[in-house]
Amino acid sequence: MVFLILVGIVATIVIILNMMDSSNMHKIEDHFKDKKCENIVYSKGSYKGICGDEVMEVENSFEVDLKNNKKSIKLKDIKKLDDRALTIIINDDYEIEFKDKQNKEKFYNELKEKLNQ
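All residue numbers for the sequence shown refer to this note's numbering, where the first residue is 1 and numbers rise by one.
Written out as structure tokens, the structure is:
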């Protein structure tokens, strides 16, 4: 009987956490859509996108605060762009990490294209 109660509690916690995570993802995705972002990628716990005149990264967490969980850099402020393994380094101090090479290459090429416009 105790075992069934423990399993029920664990299952309830898992369901609640899954619902919270899903809600957060929708908030972040809606934020990117509102900013008219292109090439939105989810990798390594954060969403990355090229949004009009800036590159934006929003970390996914249990409490989404788009002011504090967001990092961005204006395209006009990008002076140097490095492509290393699974990381794009902007101006030697802003790193955007990716899980797989295909997403990184696509993001990097689109970013270079935006910078050359």
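All C-beta atoms, glycine included, are put in the ideal place defined by N, C-alpha and C.
Counting only the Cα atoms, K76 lies some 21 Å from K104. In this structure V14 is exposed. Its beta-carbon is surrounded by fewer than 16 other beta-carbon atoms within 10 angstroms.
The continuous stretches of alpha helix (DSSP H) do not include L86, and DSSP gives it neither H nor E.
Taking a C-beta distance under 9 Å as the contact criterion, F107 and N39 qualify as a contact pair. A direct Cα-to-Cα measurement between L86 and F3 gives close to 44 Å. Excluding the 5 residues flanking it on each side, K71 has same chain C-beta neighbours closer than 7 Å at E57, in chain order. Around the beta-carbon of S23, fewer than 16 other beta-carbon atoms lie within 10 Å, marking it exposed. A check of alpha carbon separations from Y47 across T12, E59 and D93 identifies E59 as the nearest. DSSP places S23 in the helix class (H, G or I) of the three-state scheme.
Under the three-state reduction of DSSP, G49 is assigned to strand.
The continuous stretches of beta strand (DSSP E) do not include K99, and DSSP gives it neither H nor E.
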